Amino acid sequence: MIYDCRMVKKSQFRDLFPGALELMILKSLNWQPMHGYALAQRLKDISEDYLQIEEGSLYPALQRMLKTGWLETEMGLSARNRPVRIFKLTEAGRKHLEQELKSVEKMFAGVTRVLALAGE
Amino acid sequence: MGWLQQLFSRRDRYSELSESIREHLDEKVADLMDRGMTREQAKHAARREFGNVTRIEERSREVWQWRTLESVLADLKLSLRRLRKSPRFAVTILLTLAIGIGANTAVFSVVDSVLLKPLPYPDSNRLVSLWLQAPGAGIADFSEGLKMSPSMYLTFSGQNRSFQSMGIWSPRTANVTGLAQPEEVHTIVLSDGVLQTLGVPRQWGDGFHRRSRNLEGRSPSFSAMATGSGASAAIVG
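Line by line, the protein sequences are chains S and X. Be aware that the first sequence starts at -3, since it is given in our numbering, and climbs by one per residue. Be aware that the second sequence starts at 132, since it is given in our numbering, and climbs by one per residue.
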């Protein structure tokens, strides 16, 4: 994840935990196979102002996931009817997503619980 | 053979990656133009929001590479190309390396034969040489130790408790006549104990006798000689 420090104060946003970007990509592509730009738009739209995701930083992550075998590409058409490369989940990707979601939910629940109760 | 396939399909991966990024930027430019930007403005804005395209492409390619190995190979290629461009520098470097390596090898072979290689005797790690030191004895020059006298040796070997055997020797020269040409050869006069200590068997002669323990004796059974002109084996007996 890359932040643009000229525009965003560091204290306002913090680094994602390792694997968070991959997880969000997997979840989005599981909902619907997309090309790079659509994926970037989707992440930007649904994260609103909570996260700052630089569009370019998706690509190294996408390549890592292609290499690991969680994703594959195929040719398709964009909303403007242009030929584009569409990223979609493989079976291994789907399995990994399920596992990761479970463990992340558990982690968030734990952190939330500790933060809520630690001060009492 | 997955890695081999990966190596060959990498070019496709790279061009696919560049294509994806280009498609991304094209779509974004079209979107921004729909919102009322001119083409130039839209291109500029799209690139700004995307980030450094070259850098991002590089980082994405690195995913498919063996980074350390490939950067070493690239460095190697670059230095070879540079060397080819300036042959005089290359020759200097090669000579420096050659001389350096040669000198190192020479020094090591000397060190190896003098210090590291064991002497060619059985149990050579148990051989010791003895020197006499007499600090405070008032003798002016004993920087190389005291000279050994026969009586000292006889005393030491008589009182010896620490060593299996003990002996002394002294280098000499001798003349060999009556064969072909008269020849001066290097000889060693040695005492009882030297051959036993070194574990060298006698070739002939009947060895030492108690009563012939005389260092100045010259009988064949006392002296060993090795000719300086290439006799294949030392005569020991």
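Glycine included, each C-beta is placed from N, C-alpha and C at the ideal position. All values derive from a computational prediction rather than experimental measurement.
ask   = With DSSP run on the structure shown, which of helix, strand or coil describes Gly65 of chain S?
value = coil
query = Secondary structure at Ser322 of chain X, three-state DSSP: helix, strand or coil?
reply = coil
key: Contained alpha helix (DSSP H) runs [length at least 4] in the segment 198 to 262 of chain X, N- to C-terminal order   = 198 to 216, 218 to 242
message = Among X:Leu226, X:Val320, X:Glu147, whose alpha-carbon lies nearest the alpha-carbon of Pro302 of chain X?
response = X:Val320
Buried/exposed call for Glu171 of chain X, threshold 16 Cβ in 10 Å = exposed
request  = Would you mind stating whether Ala36 of chain S and Leu54 of chain S have Cβ atoms separated by less than 7 Å?
outcome  = yes
key: Boundaries of the beta strand (DSSP E) in which Lys84 of chain S is found, first to last residue   = 79 to 85
inquiry  = So Pro14 of chain S contacts chain X; which residues on that side make the cut at Cβ distance below 8 Å?
reply    = By Cβ distance, chain X contributes nothing, its closest Cβ being about 15 Å from Pro14 of chain S, past 8 Å.
request  = For chain S, find out if any of its Cβ atoms is closer than 7 Å to the Cβ of Lys159 of chain X; answer yes or no.
outcome  = yes
query = For Ala114 of chain X, which residues does DSSP report across the bridge?
reply = Since the first residue of chain X shown is 132 and the last is 368, residue 114 of chain X is not available in this structure.
inquiry  = By the 9 Å beta-carbon criterion, what residues does the segment 142 to 166 of chain X contribute toward chain S?
reply    = Arg144, Glu147, Leu148, Glu150, Ser151, Ile152, Glu154, His155, Leu156, Asp157, Glu158, Lys159, Ala161, Asp162
key: Of the listed residues X:Leu326, X:Val307, X:Val325, nearest to His317 of chain X (C-alpha basis)   = X:Val307
Sequence-distant residues of its chain with Cβ nearer than 7 Å to Met168 of chain X (five each side left out) = Ala176
key: Beta-carbon contacts of Arg81 of chain S that lie in its chain and below 8 Å, excluding the five residues immediately before and after   = His31, Gly32, Thr69, Glu70, Met71, Gly72
ask   = Which residues does DSSP pair with Trp27 of chain S in a beta bridge?
value = Answer is none; Trp27 of chain S lacks a bridge partner.
inquiry  = According to DSSP, simplified to helix, strand and coil, what is Glu44 of chain S?
reply    = coil
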